[in-house]
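To keep things clear, I will list the structure first and then write my remarks on it.
Protein chains: 2
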Amino acid sequence: MCEPRRHGDSARDAFGFDLLARDARARRGRLRTPHGAVETPAFVAVATQATLKGVDPAAAAAVGTQVLFANTYHLYLRPGAELVAEHGGLHRFMGWERPLLTDSGGFQVFSLGASIEHRVGKVANIFPDEPGGSGGGPRLAARGGSMVRVGEDEVRFVSHVDGSRHVFTPEKSIAIQRALGADMVLAFDECTSPLHDEAYTRASMLRTHRWARRCLEAFERETPVHPQRQALFGVVQGGAFERLRRESAEVIGGLPFDGMAIGGNLGRSHADMHRVLEWTLAALPEALPRHLLGIGDVPGILAAVVRGVDTFDCVVPTRNARTGTVLARWDDDGRARRGFRFNLKNAGFARDRRPLEQACDCATCRRFSRAYLRHLLKAGESLGPQLLSVHNLRFMERLMLELREAIEANRLRACVLAWLAHDASLAAAVLGERSVPTG
Amino acid sequence: MCEPRRHGDSARDAFGFDLLARDARARRGRLRTPHGAVETPAFVAVATQATLKGVDPAAAAAVGTQVLFANTYHLYLRPGAELVAEHGGLHRFMGWERPLLTDSGGFQVFSLGASIEHRVGKVANIFPDEPGGSGGGPRLAARGGSMVRVGEDEVRFVSHVDGSRHVFTPEKSIAIQRALGADMVLAFDECTSPLHDEAYTRASMLRTHRWARRCLEAFERETPVHPQRQALFGVVQGGAFERLRRESAEVIGGLPFDGMAIGGNLGRSHADMHRVLEWTLAALPEALPRHLLGIGDVPGILAAVVRGVDTFDCVVPTRNARTGTVLARWDDDGRARRGFRFNLKNAGFARDRRPLEQACDCATCRRFSRAYLRHLLKAGESLGPQLLSVHNLRFMERLMLELREAIEANRLRACVLAWLAHDASLAAAVLGERSVPTG
């Protein structure tokens, strides 16, 4: 069991992480927060703009969603952190009483900045009065109308909402996240891309480490806007380079954070990601919870859990729902579905009176046929993505429940083999084994 | 109390209308259907494509929505009545266990046809092989890409979905509605517009009367697709012409329908509608339920209830929600809101932490602030219209509950005066009085 290692808050036990069971490197844990516990391994559903797109928070809770992830960058721009603070924080603002996590806004440095650094997107000098960058980072970028510049002390960017100019610093990210009041908040980092070479990735990583210390200082200094305890997670960077990942995990793991997040470029393949996870996790403190940023495909989740990741977030369940993509394990002949999904818009489902998944217990599968849900999608009715999101979120929760039970029973390997029985080489890679028995 | 006057179904009591109380001409009733009772006066929410736009049926039931209205024209085109029948009918298809009403598809004759009759829209001959109409009705029309021709025996039209050609007859409308399986279905009619003169309106009305008889015959002849009892409502036409409305009410009221619907052009003003209702209702049988098609504004509902209408349908609650318009009685200073609504997108609500309506008990008002809901609208999040729809539907149910209680207590006049205290001339018109006390 791990108690917070610092912060003299009165609510000392408000945040903590209990390791309940292990199965090889996999962990079964419990994250304690002021808004209740998160049983891990857990999927963190993404509510970018303080809403799980199209899903009522009551419906999310009903399918077992334990924890949501909101984006500091988006909420800072709209509606603004001050407004959220006036409501008593994000939980009350968005009507979500369970645990919440916010990112630092740093991911936007990557998603908006990588495009110029490598001339992928349009380049435009929107800060003509201030030539040159201070930290050797990317200069000016425009992608989708947004632009950003990374410096040693700050990141400057232009709002994608209204074109206004803004500055983020590690301190400002912490102040915003204090105002938003999520249970878990992230240190401000720069997220590099697969297009960055080792030299730039290293320079960026070292800057992220300096920002991590500034975040810790700011977090200690900053009076919490909301009386409830928040936990601060450090973010490991280093791209797909072994030396850098090990170094970043050592440095971030050695700082007095409450939890660890693994960010940035995980490589270009499953095998790359597996290696990055192994390098990183080997160097992280055992006692702290570990969050993997932006992973939500089934093989990715299985590989992360096998290696000792506790939580991960992804937009997959709701984004897929909006395109008519349904998460499902088996097809109707009992074979694993390709990618564990199918597109409900396919004509073959037009008269199909079965539920999305035969085995699913969600409010959508209990009430509606594939034909009805397909009708809603074809007719452009928003109830379609809404009901598919409910199912997709429940799919994730059922997967996580199965993984937690498997770890408790020391049969995670068998569970992974069962999920990937149709692809022995993927199963071996996910398990980190040379080969696995087939069929 | 009125029992069905015909049909030798085994489920003889499955449909009926009980008159429970009266207050002058206003009626407090109960519509009994195989899917439960509807306490009247009742608002019928519109689920055009077998979905109350963006609202989960469970959420609609939770705010007290008693009965939904689905559109035969839309469901015939997509997904098709046969598919719905395969599901066991609309209730099971759309997951709605309470009463349902379908229209006949005839309204599309008006909404697509009026535009050519008066050269309002584009005109194009899409049936070049068949010159001339058989019934002296409108010729060919195009509005929004759809086209229609009305004849004595049939209506020909082009699908707004895929441009395919279709024919509706009274018999076909009944067969489709039998397959859809709503508790209450409508006879096929032509709905005239305020632009039609008395001569055309009379010719159209007489054709609607002939169609009414054909619908009754088809309804008797047609074996129900679903074993449950359906009720057939006749539709009164006649435009805003006194002679025609009285004649149509006499004719339709004299046919063996289970209920009466008032359709077509109600004139150009509140006063016109009041007159049309008075001419029509005076000639309709007291014992049958009376539905007014397409009315959903508060003064319109009050005027209809005062004159003895039992149910009405309108898209207002959900359509308004999609534009950010909130139904609400009072402003924050306790004055009646203009039109009993406000636009939540107004900047004045940006930091407003109050619920949409202080007195509202809906799932939206209990959980969310105006500022949060406005944030969702401004951010283009579909949860915004979804949560506003829930509130707007609840507003309607609270209004209807208040009217039912007022009729039971014989104080409907006082209730109407209270709703319209800010506009004495409107109150007098709604009540059908020369003037009302002010102040």
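The listed protein sequences correspond, in order, to chains W and F.
In terms of our numbering, the first sequence opens at residue 1012 and continues consecutively.
In terms of our numbering, the second sequence opens at residue 1012 and continues consecutively.
All C-beta atoms, glycine included, are put in the ideal place defined by N, C-alpha and C.
Beta-bridge partners of residue i, as assigned by DSSP
{"i": "residue 1057 of chain F", "result": "F:1080"}
{"i": "residue 1027 of chain W", "result": "W:1043"}
{"i": "residue 1048 of chain W", "result": "W:1043"}
{"i": "residue 1037 of chain F", "result": "F:1034"}
{"i": "residue 1113 of chain W", "result": "W:1081, W:1196"}
Cut-off 8 angstroms between Cβ atoms - residues of its own chain near residue i, not counting five sequence neighbours on either side
{"i": "residue 1252 of chain F", "result": "1209, 1212, 1213"}
{"i": "residue 1283 of chain F", "result": "1251, 1277"}
{"i": "residue 1279 of chain W", "result": "1205, 1251"}
{"i": "residue 1384 of chain W", "result": "1355, 1367, 1375, 1395, 1398, 1399"}
{"i": "residue 1281 of chain F", "result": "1310, 1311, 1314, 1437, 1440, 1441"}
{"i": "residue 1364 of chain W", "result": "1380, 1381, 1382"}
{"i": "residue 1413 of chain W", "result": "1426"}
6 angstroms Cβ shell around residue i - same chain, five flanking residues per side excluded
{"i": "residue 1168 of chain F", "result": "1159, 1177"}
{"i": "residue 1446 of chain F", "result": "1439"}
{"i": "residue 1113 of chain W", "result": "1081, 1083, 1188, 1191, 1193, 1196"}
{"i": "residue 1426 of chain W", "result": "1417"}
{"i": "residue 1116 of chain W", "result": "1083, 1084, 1179, 1184"}
{"i": "residue 1320 of chain F", "result": "1301, 1303"}
{"i": "residue 1326 of chain F", "result": "1057"}
{"i": "residue 1075 of chain F", "result": "1408"}
{"i": "residue 1034 of chain W", "result": "1418, 1421, 1423"}
{"i": "residue 1087 of chain F", "result": "1187"}
{"i": "residue 1241 of chain F", "result": "1196"}
{"i": "residue 1049 of chain F", "result": "1042, 1077, 1078, 1110"}
For residue j and residue i, believed in contact at Cβ under 8 angstroms, the rounded distance
{"i": "residue 1289 of chain W", "j": "residue 1218 of chain W", "result": "Contact flag wrong, Cβ pair sits at about 25 angstroms."}
{"i": "residue 1323 of chain F", "j": "residue 1054 of chain F", "result": "7 angstroms"}
{"i": "residue 1410 of chain W", "j": "residue 1379 of chain W", "result": "So it is not a contact: roughly 21 angstroms between Cβ atoms."}
{"i": "residue 1025 of chain W", "j": "residue 1044 of chain W", "result": "7 angstroms"}
{"i": "residue 1046 of chain W", "j": "residue 1102 of chain W", "result": "6 angstroms"}
{"i": "residue 1065 of chain F", "j": "residue 1366 of chain F", "result": "That pair is no contact at about 19 angstroms."}
{"i": "residue 1346 of chain W", "j": "residue 1402 of chain W", "result": "The Cβ separation is near 20 angstroms, so there is no contact."}
{"i": "residue 1072 of chain F", "j": "residue 1109 of chain F", "result": "7 angstroms"}
{"i": "residue 1377 of chain F", "j": "residue 1360 of chain F", "result": "At roughly 18 angstroms, the Cβ-Cβ gap does not stay under 8 angstroms, so residue 1377 of chain F and residue 1360 of chain F are not in contact."}
{"i": "residue 1104 of chain F", "j": "residue 1299 of chain F", "result": "With 8 angstroms as the limit, residue 1104 of chain F and residue 1299 of chain F do not qualify as a contact, their Cβ atoms being about 28 angstroms apart."}
{"i": "residue 1429 of chain W", "j": "residue 1236 of chain W", "result": "In fact, because the Cβ distance is near 46 angstroms, the residues do not count as touching under 8 angstroms."}
{"i": "residue 1266 of chain W", "j": "residue 1221 of chain W", "result": "That pair is no contact at about 11 angstroms."}
{"i": "residue 960 of chain F", "j": "residue 1362 of chain W", "result": "Residue 960 of chain F cannot be examined here, being either before or after the span of chain F that is shown, 1012 to 1450."}
{"i": "residue 1330 of chain W", "j": "residue 1292 of chain W", "result": "About 27 angstroms; that fails the 8 angstroms criterion."}
{"i": "residue 1453 of chain F", "j": "residue 1068 of chain F", "result": "In the structure as shown, chain F begins at 1012 and stops at 1450. Residue 1453 of chain F is therefore absent and cannot be evaluated."}
Neighbourhood of residue i by C-beta distance below 7 angstroms, restricted to the same chain and skipping five residues each side
{"i": "residue 1274 of chain W", "result": "1200, 1202, 1246, 1247, 1248, 1304"}
{"i": "residue 1294 of chain W", "result": "1257, 1260, 1261, 1264"}
{"i": "residue 1424 of chain W", "result": "1442"}
{"i": "residue 1118 of chain W", "result": "1202"}
{"i": "residue 1296 of chain W", "result": "1264"}
{"i": "residue 1233 of chain W", "result": "1185, 1186, 1189"}
Contact test: residue i Cβ vs the ligand NAD heavy atom, cutoff 7 angstroms
{"i": "residue 1028 of chain W", "result": "For the structure depicted, the ligand NAD is absent and the ligand set is empty, with no information on it obtainable."}
Any chain C beta carbon closer than 8 angstroms to residue i
{"i": "residue 1104 of chain F", "result": "As a matter of chain content, chain C is missing from the structure shown, whose protein chains are W and F."}
**OP:** Could I get the ranges of all uninterrupted alpha helix (DSSP H) runs contained in the region 1176–1201 of chain F, with 4 residues as the minimum, in chain order?
**Re:** 1181–1191
**OP:** Please determine if the region 1228–1239 of chain F and the region 1177–1196 of chain F are in contact, where contact requires at least 3 C-beta pairs separated by less than 8 angstroms.
**Re:** yes
**OP:** Check whether the region 1259–1271 of chain W touches the region 1233–1250 of chain W, taking contact to mean three or more Cβ pairs, one atom from each stretch, closer than 8 angstroms.
**Re:** yes
Subject >> Inside the region 1302–1354 of chain F only - beta strand (DSSP E) runs reaching at least 3 residues >> reply: 1322–1325, 1336–1338, 1352–1354
**OP:** Output the residue ranges of the beta strand (DSSP E) runs that lie fully inside the region 1226–1294 of chain W and measure 3 residues or longer, sorted by chain position.
**Re:** 1242–1247, 1270–1273
Original post:
Can at least three beta-carbon pairs, one atom from the region 1395–1413 of chain W and one from the region 1338–1345 of chain W, be found at a separation below 8 angstroms?
Top reply: yes
Subject >> Any 3 or more C-beta pairs closer than 8 angstroms across the region 1042–1053 of chain W and the region 1368–1388 of chain W >> reply: no
Original post:
Quick check: the region 1031–1041 of chain F against the region 1354–1374 of chain F, are there 3 or more CB pairs under 8 angstroms?
Top reply: no
Original post:
At what residue ranges does the region 1381–1428 of chain F contain a whole run of the alpha helix (DSSP H), taking only runs of 4 or more?
Top reply: 1381–1389, 1394–1419
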